Amino acid sequence: MNNFLKNILKNTLFLSKTLDFFENFLIPGEDYNIIACQSSEVVIKKYPQIYVDEVKKGIRTYTTSKRILEVLQSSEYDKYLYCKYIWTYQAYSWTNDLRHSGKIIFAIDYFLFLKLQNKLSQRKLLIEHSALLKENGKEIKSNLEDSTAFLKTKIFPKRELNYENLANYYDGAFVVCASDTNGGEGVFKVSNKTEYLLAINVIETPVIRTELFLENTIPMNQIAFITHDGQILKYKPSIQIIRDIHKQNKMEYAGCDFACENYINTPHETLTKISKLTHNIGEILYKIGYRGTFGCDFLVAVNNIHFIELNPRYQASTLIPNIHLCENEILAPHILHILGFVKPSIEHTLELERFSQENIYIDFIQKEKPIGFLNIYNEPIKNFRKPISNVKIENDLSKGYYLFNNSIIVNPFYPTKLNKNIK
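Residue numbers (the working numbering): 9 to 431.
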C-alpha cells in the first residue's frame, strides 16, 4: 500500500456495524482505529485488539446505529479524537454534525441521503436530474419512466388505500412497501385481502408505494462507487437471495450469490446492460453531489431489466468483494469508497481509468473463495459463523451467516432460473 493510502487509513476512525465487514482489509497484529458493534468468533480471534461493543456489553442488539452513537458519547471515543477522517456504513444526522466540527466524513451529506433513501421520491429525483447528462440523459430517463409505467407504481396515503381498488388495478399479486425500507424490511407481497391487511398493519409509514408483483423474475444488485473526480466503477452484479417469510408474505434480504451465470442464460449481455444502467444512474448522482459507494436493485425479466431502487449506502453484499479484492488494494471496496471523499493520486486515477467505462464491471470470482453468503436465523448449518460466545442475542436477530463457494440454486429462496434470453 502506498504512503498516500497508508496516511489516510492511519488517521481514519472506522465506525462499523460488524468487524466481519473489514476481515480481509485488516492485517492481523496491526493497530487500527475501529469501533465495531458486532463480530463473529472467527473474526474477533484474528483481531482481539479491536474494540467490539457487544464484547464489552455482553449483548447483541438490533439498533447498531444507536450503539455507535452511544460509543461516540463515551470515553472510548476519546482515544480517537486525533483522527482526521471518520468512516461510517451510511450517513447519519450526527455525521453532518461531525463534518461541521472539522472532521472529514467518508459518507454523503445526510440531507442528500434522506432524499435518496426515500423510496417514494428517489426515482422521481433521478428522472428530474437526468437532464443534467449531456449523453445518455434521455435514455436513462426513458428507462426509469418505462419501469415506473410497467410496474404500475403508485404512491398513496395509507389510510386512503382500498384493497378492492388495488386488486382490480393490478389484476393479480402486487407489492406494498413502506417509504423507507432497508434489507427488504417493510416490503410485502399481497395476493389476497388477508395479506393486504397484514401488510398495512405492519407498515409504519403514513404513505406507501405499491407496484405490480412480477412472477419469474430474478432480483439483482450492483455495487458501485463514485470517486472524487467523477470516475464510476462497478463490481460484477450479484443475485439477491430473498427470504419469503412464511405466513407473512414478507420479503426479506437473505444473502447474495455472485455466480450469476448459474441463473441467467445470457449472462454477459445481461450483466453489461445492468452495468450501463448503474453507470448512468451514477452519472446523475455525481451531478447532484453524491460520492462514494451506492447500490442499485433490478428485476431481471425474460424480455427486460427493470430498475427498482437505489440504495445510498454500503451494500451487505460488499462482504464478498472485500474478501476477494483486498489483495488488489486500489479495487478494494473500502478504498474505492474513501477515494470518493479524498482526491485520488494521479497514479490511482490512471489505474482506475480502465475500469470506469459504462459497460465495464470489475469481476473477482476466484476458485476456493466465497461467491456468496446466506443469513442464518435458527438453522444449524455447516460453516456457520457463530456470534461471539457469552453474548446474549435478541430473539428477533439473525444469529449469523455462512459463506459458500458453490452456487445455491437448489434453495427455498428466490430467484428461479429464467428460461428465455434477455433481449
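The beta carbon of each residue, even a glycine, is placed where N, CA and C say it ideally should be. Note that the structure is a prediction, hence the values are computed from the model and not measured.
Neighbourhood of residue i by C-beta, 6 angstroms cutoff - its chain only, sequence neighbours within 5 removed
i: Leu21; result: Asn41, Tyr88, Cys91, Ile94
i: Asp305; result: Asn229, Ile316, Glu317
i: Asn144; result: Asn288
i: Val51; result: Leu27, Asp28, Glu31
i: Asn419; result: Confidence is the limiting factor: at Asn419 the pLDDT is only 47, short of 50, which leaves the residue's position unreliable, though a coordinate-based value still follows. Within the same chain, Asn419 has no close Cβ partners at all.
i: Thr286; result: Gln230, Ala232, Lys242, Cys304
i: Ala99; result: Ala115, Ile116, Tyr118, Phe121
i: Lys201; result: Tyr171
Straight-line Cα distance separating residue j from residue i
i: Thr26; j: Arg131; result: 30 angstroms
i: Ser73; j: Ser82; result: 15 angstroms
i: Glu359; j: Ile338; result: 8 angstroms
i: His137; j: Gly290; result: 12 angstroms
i: Glu203; j: Gln365; result: 44 angstroms
i: Leu333; j: Ile313; result: 28 angstroms
i: Lys258; j: Leu13; result: 43 angstroms
i: Asn336; j: Leu77; result: 32 angstroms
i: Ile148; j: Lys281; result: 12 angstroms
i: Val198; j: Glu223; result: 13 angstroms
i: Pro329; j: Asn173; result: 44 angstroms
i: Tyr294; j: Arg75; result: 31 angstroms
i: Asn209; j: Leu169; result: 12 angstroms
i: Ala175; j: Ile16; result: 55 angstroms
i: Ala309; j: Asn151; result: 14 angstroms
i: Phe302; j: Gln323; result: 7 angstroms
i: Leu426; j: Gln57; result: The predicted model places Leu426 with a pLDDT of 49, which falls under 50 and marks its position as unreliable; any figure quoted below should be read in that light. Distance between the alpha carbons of Leu426 and Gln57 is about 47 angstroms.
i: Asp117; j: Leu106; result: 11 angstroms
i: Lys1; j: His345; result: Because the chain spans 9 through 431 in this model, residue 1 falls outside it and cannot be assessed.
i: Leu120; j: Pro341; result: 22 angstroms
i: Leu122; j: Gln46; result: 25 angstroms
i: Asn413; j: Ile331; result: 12 angstroms
i: Glu38; j: Tyr59; result: 13 angstroms
i: Ile272; j: Asn311; result: 12 angstroms
i: Leu206; j: Val184; result: 11 angstroms
i: Lys65; j: Asp86; result: 18 angstroms
i: Leu34; j: Asp179; result: 52 angstroms
i: Ala157; j: Lys375; result: 42 angstroms
i: Lys142; j: Leu133; result: 17 angstroms
Close-in-space but distant-in-sequence residues of the same chain around residue i (CB under 8 angstroms, 5 per side omitted)
i: Asn10; result: Ser353, Glu355
i: Asp188; result: Gln125, Asn126, Lys127, Gly194, Thr213
i: Ile112; result: Lys92, Tyr93, Ile94, Phe349, Val350
i: Thr103; result: Ile94, Thr96, Ile113, Ala115, Tyr118
i: Ser101; result: Tyr118
i: Glu153; result: Ile135
i: Ser129; result: Lys123
i: Val399; result: Glu62, Val63, Gly66, Ile67, Arg68
Short Cβ contact (8 angstroms threshold) for residue i with residue j
i: Ile163; j: Ala186; result: no
i: Leu327; j: Asp28; result: yes
i: Leu140; j: Ile247; result: no
i: Leu220; j: Pro245; result: no
i: Lys394; j: Ser48; result: yes
i: Lys54; j: Pro36; result: yes
i: Phe266; j: Gly380; result: yes
i: Cys264; j: Ser325; result: yes
i: Leu396; j: Val63; result: One point to set straight first is that residue 396 is Ile, not Leu, in the sequence displayed. Taking 8 angstroms as the Cβ cut-off, Ile396 and Val63 qualify as a contacting pair.
i: Asp237; j: Thr357; result: yes
i: Leu382; j: Ile249; result: yes
Integer Cβ distance of residue i from residue j, believed to fall under 8 angstroms
i: Ser283; j: Tyr369; result: 5 angstroms
i: Ala232; j: Ile240; result: 6 angstroms
i: Glu84; j: Ile43; result: 7 angstroms
i: Phe410; j: Ile384; result: A small correction: the amino acid at residue 410 is Tyr; Phe does not occupy that position in the sequence shown. Sure, about 6 angstroms apart at Cβ, within 8 angstroms.
Buried or exposed (CB count within 10 angstroms, at least 16 for buried), residue i
i: His276; result: exposed
i: Arg299; result: buried
i: Ser109; result: exposed
i: Phe196; result: buried
i: Arg321; result: buried
i: Asn319; result: buried
i: Leu23; result: buried
i: Ile67; result: exposed
i: Leu307; result: buried
Proximal residues to residue i (C-beta, below 7 angstroms), its chain only, five neighbours per side dropped
i: Phe363; result: Leu241, Ile370
i: Ile343; result: Leu13, Glu337
i: Asn367; result: Thr280, Ser283, Lys284
i: Ser155; result: His314, Phe315
i: Leu159; result: Glu219, Leu220, His314
i: Ala181; result: Lys197, Val198, Ser199, Phe221
i: Ile234; result: Ile240, Gly290, Leu293, Tyr294, Tyr298, Arg299, Gly300, Gly348
i: Val79; result: Ile43, Asp61, Tyr85
Chain B contact for residue i (CB, 8 angstroms cutoff)
i: Glu376; result: The question asks about chain B, but that chain is absent: this structure has only one protein chain.
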